[in-house]
Amino acid sequence: MIFSRHSFRLPLRRKFPEQTLLDKQLSGNRPLLEIENLSFAYDGSDSPVLEHVSLSVREQEFVMIQGISGCGKSTLLRLLCRLNAPSSGKMLFRGRDITELSPPLLRSMICFVGQLPQMIDASILDNLLLPFSYAANSQKEPPPKSMLIDMLRKFYLQDLTLEQSAAKLSVGQKQRLALMRALLPGPELLLLDEPTSALDRESAAMVFSIIERLNRDEGKSVITVTHSDYAPASPNTKRYLLRNRKIEPA
Amino acid sequence: MNEIVAIPLPQLLLALLFIVIAQTTSMVWHLGLNRDIAVGTLRTISQLFLMGYALTFIFRAESLPLTIGIFLVMVISAVFIIKGRVKEREVPYIVPTLLTMVLCYFVTALFVSRAVVGVTPWWEPRYFIPTAGMVIGNSMSALAISIERLFSQMRQQRDLIEMKLCLGADYREASEDIFRSAVKAGMIPSINAMMGVGLVFLPGMMSGQILAGADPLIAIRYQIVVMFMLVGSTAISSIIVMLIIRRRCFGSGEELLLTPR
Numbered sequence: 002m003i004f005s006r007h008s009f010r011l012p013l014r015r016k017f018p019e020q021t022l023l024d025k026q027l028s029g030n031r032p033l034l035e036i037e038n039l040s041f042a043y044d045g046s047d048s049p050v051l052e053h054v055s056l057s058v059r060e061q062e063f064v065m066i067q068g069i070s071g072c073g074k075s076t077l078l079r080l081l082c083r084l085n086a087p088s089s090g091k092m093l094f095r096g097r098d099i100t101e102l103s104p105p106l107l108r109s110m111i112c113f114v115g116q117l118p119q120m121i122d123a124s125i126l127d128n129l130l131l132p133f134s135y136a137a138n139s140q141k142e143p144p145p146k147s148m149l150i151d152m153l154r155k156f157y158l159q160d161l162t163l164e165q166s167a168a169k170l171s172v173g174q175k176q177r178l179a180l181m182r183a184l185l186p187g188p189e190l191l192l193l194d195e196p197t198s199a200l201d202r203e204s205a206a207m208v209f210s211i212i213e214r215l216n217r218d219e220g221k222s223v224i225t226v227t228h229s230d231y232a233p234a235s236p237n238t239k240r241y242l243l244r245n246r247k248i249e250p251a
Numbered sequence: 249m250n251e252i253v254a255i256p257l258p259q260l261l262l263a264l265l266f267i268v269i270a271q272t273t274s275m276v277w278h279l280g281l282n283r284d285i286a287v288g289t290l291r292t293i294s295q296l297f298l299m300g301y302a303l304t305f306i307f308r309a310e311s312l313p314l315t316i317g318i319f320l321v322m323v324i325s326a327v328f329i330i331k332g333r334v335k336e337r338e339v340p341y342i343v344p345t346l347l348t349m350v351l352c353y354f355v356t357a358l359f360v361s362r363a364v365v366g367v368t369p370w371w372e373p374r375y376f377i378p379t380a381g382m383v384i385g386n387s388m389s390a391l392a393i394s395i396e397r398l399f400s401q402m403r404q405q406r407d408l409i410e411m412k413l414c415l416g417a418d419y420r421e422a423s424e425d426i427f428r429s430a431v432k433a434g435m436i437p438s439i440n441a442m443m444g445v446g447l448v449f450l451p452g453m454m455s456g457q458i459l460a461g462a463d464p465l466i467a468i469r470y471q472i473v474v475m476f477m478l479v480g481s482t483a484i485s486s487i488i489v490m491l492i493i494r495r496r497c498f499g500s501g502e503e504l505l506l507t508p509r
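Sequence order for the protein chains is U and Z.
2 is the number of the first residue of the first sequence in the numbering used here; add one for each residue after it.
249 is the number of the first residue of the second sequence in the numbering used here; add one for each residue after it.
Structure (C-alpha cells):
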C-alpha cells in the first residue's frame, strides 16, 4: 500500500487550549460539523444562493456534494471556513459555533483548498512550509525534508525537487501540491472546491485517488464539491445534491 | 542682504508667456491639454491670490481659532483630494484618514513651530500654517498612493490572500506583503527627496526664503527641519491610516471584503 497509516501524521508539539477543549467535546459523539438552516445571499441581491441548508458531517466521512455550475457549491464551502459570512443559520464544529473560534484557528482545523491552486512566488519547499510561518500553526512542528520528499512521491510528484520554483508548475501539479500543503499542518476537515475541474482526465484521476486514500487510510474527513459525476469508492462516502438552493441526499 | 523685489503686475503678466508656450505645444502636438492648462492657470492665479489675502488677514488677526480653522480646512481639502484619487467605494476610509491626518499633522506642526523653531505662541500663524501646509501636502500625496496601492493589490491578489487565510494566516499575516509595499510606495518620494535635495533641486521653501532675502545658511536649517519633518510625518500618518484601512478590508471572520472588479 502506497499510503501507510502514518503517511500524513504530523507530530503536534503542543495543542492550543481551544483545541484541547474541542477534543474533549468530541467524546459526546457529536458530528464533526453541523450545519443548521444556513442561508446566503450576496449583498444587495434579492435571490439567495443557499436557503435553509442543513447538513451534518461525521468524523472520517467523505462527503461529496454535486450540482451544476453556479448552484452555490463553492459558496457553501466558503461559508464553512468563514471566507463569506452567512445571511442566517448556524454552523457548529465539534459542537461549538464556529463564530466563537478565532478565524485563523478555525481555518487551521477546517482547511479549504480553492479551485485554482495558489502558490507564492518561491520554492516548493517554501510553499509547503508556508502554513508553519503563521501564528495559528506556530505550535506545530514543521515536517522534515525527508518526509516532504516521501510525500511528493505519494502525490505522484516524484519528478519535482523541493528547491525548484513552484511558479512554473502545471495546474495539475499545483493542485496536488496545494492539497499536500493543506494537509501538512494536520487539519481535521478538508474542504475541496472542484479539486479536479482544471485538470485533464489523468491528473483528475490521480487527485481523486489521493483524496480517497486520505479518507480511507488516514481517516481524514473530507467535503468535496464537484460538478462532475465522479463516484468515489470509499465506504464512508455520503453523496448529496445541491439544487434549487437546497441540499438533498443524492 | 538685499531687500525683497516685489513683482509688478505687468511683469507678472509677462510670466503668462510660459503658459502660452505650454498651450502652443499642446495645440501643435494635439495633446488635448488646452482646457486643463487654461483652467489650471486660472485656478493658480485665483487660489493663490485668495490665499495671499487670506494669509495677510490671518497673520494680522493673530487669532488661535482662525489658525486652527485654516488648519482644519487644509486637512479636509486634502482628504477630499485623496478621495478623488482613490476610486474605492466599498471600504469606508474617509473618517479614519481625516482623524489620523488631523492628529498627526497637528502634533508635527506643533512640534516644529514650538520645539524646533521655538516661536511663541505655538500657533503663531506665520510659522504654524506654512509648516502644516507642507506636512499636509506631502502626506496627502503619500497617502493617496498608499491607499490606492493597498486597495488595488488586495483586489488583484484576492486568491492569494484567501489561500493564506485558509492555511491559518490571520488577516495581518495574509496581507503583510501588500501592506508593506503600499506603505513603501507612499514613502519613497519623501525619501528620494532627501537624496536629491541640494544636489538636484532646491526645495520651494528654501528657494522662497532665499528669494525673500534670507541668508542661505538660515534657509538650509529650515529646510533640513522640513525634510525630516516630512519623512517623519508621512511615515507615522501612513502607518496609522493604513493599519486602520487594512483592518476594514476584512470582516469579523477575517474574510476579505473586497471582491474582484
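Built from N, CA and C at the ideal position, the CB exists for glycine as well.
Here the structure is a predicted model, which is why all the values come from computation and not from measurement.
Contact note: R177 (chain U) does not reach chain Z at a C-beta cutoff of 8 angstroms; the least C-beta distance is about 15 angstroms. Looking from the CA of Q140 (chain U), the closest CA among Z:G416, Z:I393 and Z:R333 belongs to Z:G416.
No Cβ-Cβ contact shorter than 9 angstroms links M477 (chain Z) with V445 (chain Z).
Contact between I330 (chain Z) and L391 (chain Z) is confirmed by a C-beta separation of about 6 angstroms, below the 8 angstroms threshold. Boundaries of the beta strand (DSSP E) around Y241 (chain U): T238 to R244. Listed by position along chain Z, the residues whose Cβ is nearer than 7 angstroms to that of R83 (chain U) are G501 and E503. A Cβ-Cβ contact shorter than 9 angstroms links L314 (chain Z) with I306 (chain Z). Between C72 (chain U) and L243 (chain U), the C-beta gap is smaller than 9 angstroms, which places the two residues in contact. Just so you know, the alpha carbons of A167 (chain U) and V431 (chain Z) end up roughly 28 angstroms apart. Scanning chain U for C-beta atoms nearer than 8 angstroms to the C-beta of C414 (chain Z) yields C82, L84, R108, C112, F113, V114, G115 and A183, reported in chain order.
A straight line joining the alpha-carbon of T345 (chain Z) with that of C497 (chain Z) spans about 14 angstroms.
For the region 393-408 of chain Z, the set of residues with a beta-carbon nearer than 8 angstroms to any beta-carbon of chain U comprises D407 and L408, in chain order. Taken in chain order, the members of the region 414-434 of chain Z whose beta-carbon sits within less than 7 angstroms of a beta-carbon on chain U are C414, L415, G416, A417, D418 and E421. Annotation: Cβ neighbours of L131 (chain U) in chain Z (cutoff 8 angstroms, chain order): K412 and L415.
With a threshold of 9 angstroms between beta carbons, S88 (chain U) makes no contact with chain Z.
In the same chain as E60 (chain U), and ignoring 5 residues on each side of it, the C-beta atoms closer than 7 angstroms to its own belong to L33 and S222, in chain order.
Neighbours of Q119 (chain U) across chain Z, judged by C-beta separation under 7 angstroms: D407, L408 and M411. Straight-line measurement puts the Cα of H278 (chain Z) at about 10 angstroms from the Cα of T272 (chain Z). Secondary structure of P258 (chain Z) (DSSP, three-state): helix. A straight line joining the alpha-carbon of Q457 (chain Z) with that of G288 (chain Z) spans about 25 angstroms. Boundaries for F498 (chain Z): no alpha helix (DSSP H) harbours it, and the DSSP string shows neither H nor E there.
Shortest Cα-Cα distance from T356 (chain Z) to any of Z:N386, Z:E336, Z:V321 and Z:G332 involves Z:N386. For the pair F133 (chain U) and P186 (chain U), the CB atoms are nearer than the 9 angstroms cut-off. Note that the region 116-124 of chain U does not touch the region 431-442 of chain Z; fewer than 3 beta-carbon pairs, one per stretch, sit closer than 8 angstroms. Beta-bridge analysis with DSSP links Q67 (chain U) to U:T227 and U:L242.
Pairing G173 (chain U) with D201 (chain U) gives a Cβ-Cβ distance under 9 angstroms. The Cβ atoms of L413 (chain Z) and L504 (chain Z) sit closer than 9 angstroms to each other. DSSP places P344 (chain Z) in the uninterrupted alpha helix (DSSP H) bounded by I342 to L358. Interface annotation, A42 (chain U): not in contact with chain Z, CB-CB separation never under 9 angstroms. The alpha helix (DSSP H) runs of length 4 or more contained entirely in the region 187-226 of chain U are, from start to end of the chain, 202-219.
Interface annotation, P186 (chain U): in contact with chain Z, CB-CB separation under 9 angstroms. For chain Z, none of the residues of the region 187-218 of chain U brings a beta carbon within less than 8 angstroms of one of its beta carbons.
Straight-line measurement puts the Cα of I493 (chain Z) at about 37 angstroms from the Cα of S455 (chain Z).
The secondary-structure analysis by DSSP pairs P250 (chain U) across a beta bridge with U:Y241. By the criterion of at least three beta-carbon pairs nearer than 8 angstroms, the region 36-43 of chain U is in contact with the region 88-99 of chain U. If you look at K169 (chain U), you'll find it isn't in any alpha helix (DSSP H); DSSP assigns it neither H nor E.
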